[in-house]
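Below is one structure, written out as structure tokens; the observations come after it.
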Amino acid sequence: PPFLSLLLLLLLLLPLLSFILFYYYHYYAVDCVLGGSCILPCSFPPGGEVVLYWIQVATGNTIHYFYNNQDQVEQQDQHFRGRTSLFKDQISRGNASLRLTGGVKVQDEGKYECYISQDKTGVKSSFINLKVDAPVRKVDIRQLENRITCSSEGIYPEPTLTWTTKPPFNETLQNQTTVPQTEQQLYSISSFLVASAPGLDYSCTVSTRVKEAGSDEKDQISDHLSSSVCFQPTSVAQALKQRSAAGPQKVLQQASSGGSTTVRSS
Numbered sequence: 001p002p003f004l005s006l007l008l009l010l011l012l013l014l015p016l017l018s019f020i021l022f023y024y025y026h027y028y029a030v031d032c033v034l035g036g037s038c039i040l041p042c043s044f045p046p047g048g049e050v051v052l053y054w055i056q057v058a059t060g061n062t063i064h065y066f067y068n069n070q071d072q073v074e075q076q077d078q079h080f081r082g083r084t085s086l087f088k089d090q091i092s093r094g095n096a097s098l099r100l101t102g103g104v105k106v107q108d109e110g111k112y113e114c115y116i117s118q119d120k121t122g123v124k125s126s127f128i129n130l131k132v133d134a135p136v137r138k139v140d141i142r143q144l145e146n147r148i149t150c151s152s153e154g155i156y157p158e159p160t161l162t163w164t165t166k167p168p169f170n171e172t173l174q175n176q177t178t179v180p181q182t183e184q185q186l187y188s189i190s191s192f193l194v195a196s197a198p199g200l201d202y203s204c205t206v207s208t209r210v211k212e213a214g215s216d217e218k219d220q221i222s223d224h225l226s227s228s229v230c231f232q233p234t235s236v237a238q239a240l241k242q243r244s245a246a247g248p249q250k251v252l253q254q255a256s257s258g259g260s261t262t263v264r265s266s
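Structure follows, in structure tokens:
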């Protein structure tokens with residue numbers, strides 16, 4: 001029957017169609033660290049004259065334009081002016097990758113298209129999903145009497161904060177957490193709880209995404225710092241005694257790619 005013949009033909013052509021789509025419409029994911037430089041990959045079959053566009057998909061703006069063997073900076077979006085460059089000595093070998101410098105910004109996050117037109121082989125597009133990361137670098141934990149506060153700042157994307165105890169506490173740890181965002185679109189996170197049980201290590205962990213190349217999987221980045229900070233929350237007199245002996249608060253700091261800190265109640 002004609003229908004079965006057509007279906008069989010499509011099945012036979014499917015591997016070829018998949019190859020063509022993969023070859024001419026590549027998709028990449030790139031992670032860039034805030035304030036650093038980044039390379040957006042793009043390649044094409046070498047040979048013949050080439051016209052190369054890099055386009056920010058969300059805005060449709062041209063962020064880099066290469067034609068007649070030279071950059072056409074007059075058509076470049078102002079936000080990217082002076083921040084992009086090609087590997088000029090490698091274009092003839094099929095390398096159209098874009099170098100983004102001048103400090104990667106949160107506003108740079110998003111999808112980009114590498115559009116290539118050649119007089120011999122036609123048109124090819126690659127799409128790159130750029131994600132910006134400002135990792136957790138420091139976690140502060142503070143204790144004032146029986147109130148414990150944990151905080152971190154300068155993070156992107158939005159982080160999460162978790163409290164745990166050692167040994168595990170049977171009841172849910174009641175805490176209040178806020179996650180404000182700055183004008184630079186970076187996040188700060190702060191959380192506090194009231195220690196209600198003696199003999200516990202209170203641990204605070206601030207996490208954000210960790211991505212592998214080509215994926216969107218999320219993992220926790222966390223290091224650990226322990227310290228014994230004893231306090232007596234059972235009475236006002238004991239709290240005042242502690243404050244006079246140890247000062248109004250204890251501060252622990254951890255510098256790392258992520259972080260958790262611990263205080264111990266007695």
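In terms of the UniProt record's numbering, the numbers along the sequence shown are unbroken and rise by one, the last being 266.
Where a beta carbon is used, it is the ideal one built from N, C-alpha and C, also for glycine.
For P157, same chain residues with a beta-carbon under 7 Å away, outside a window of 5 residues either side, are T208, R209 in chain order. Bounds of any beta strand (DSSP E) do not take in C42, whose DSSP letter is neither H nor E.
If only complete runs of 3 or more residues are kept, the UniProt domain "Ig-like" (15-131) shows the beta strand (DSSP E) at 25-33, 38-40, 50-56, 61-67, 84-86, 98-100, 110-118, in order along the chain. Sequence-distant partners of V57 (beyond 5 residues in either direction) whose C-beta falls short of 6 Å from its own C-beta, in its chain, are K111, E113. In this structure G82 does not touch G35 by the C-beta definition: roughly 16 Å separates them, more than the 8 Å allowed. Less than 7 Å divides the Cβ of V30 from the Cβ of L130. In the displayed model, L144 falls within a strand according to three-state DSSP. Inter-residue distance for Q118 and L100 is about 24 Å (C-alpha atoms, whole angstroms).
In the three-state reduction of the DSSP assignment, S5 falls in the helix class, which pools H, G and I. Burial check for Q107: the Cβ neighbour count within 10 Å stays below 16, so the residue is exposed. Contact check for F44 against K124 passes: the beta carbons are separated by less than 7 Å. Scanning N68, N175, L8, V139 for the CA closest to the CA of V194 turns up N175. Going by C-alpha positions, W163 is about 16 Å away from K138. When DSSP reads this structure, S188 sits in no beta bridge, so it has no partner. Ranked by Cα distance from S37, the options K105, I128, S92, T62 are led by K105. Around I128, the same chain offers Y28, V30, L40, Y112 as residues with beta carbons nearer than 6 Å, after the five sequence neighbours per side are excluded. Here L161 carries a strand assignment [DSSP, helix/strand/coil]. Under a 10 Å Cβ-count criterion, S126 is classified as buried, with 16 or more other Cβ atoms of the shown protein chains found around its own Cβ. With 16 or more neighbouring CB atoms inside 10 Å of its own CB, T205 falls in the buried class. Your pair F80 and T149 does not check out as a contact, with CB atoms roughly 40 Å apart and the cut at 8 Å.
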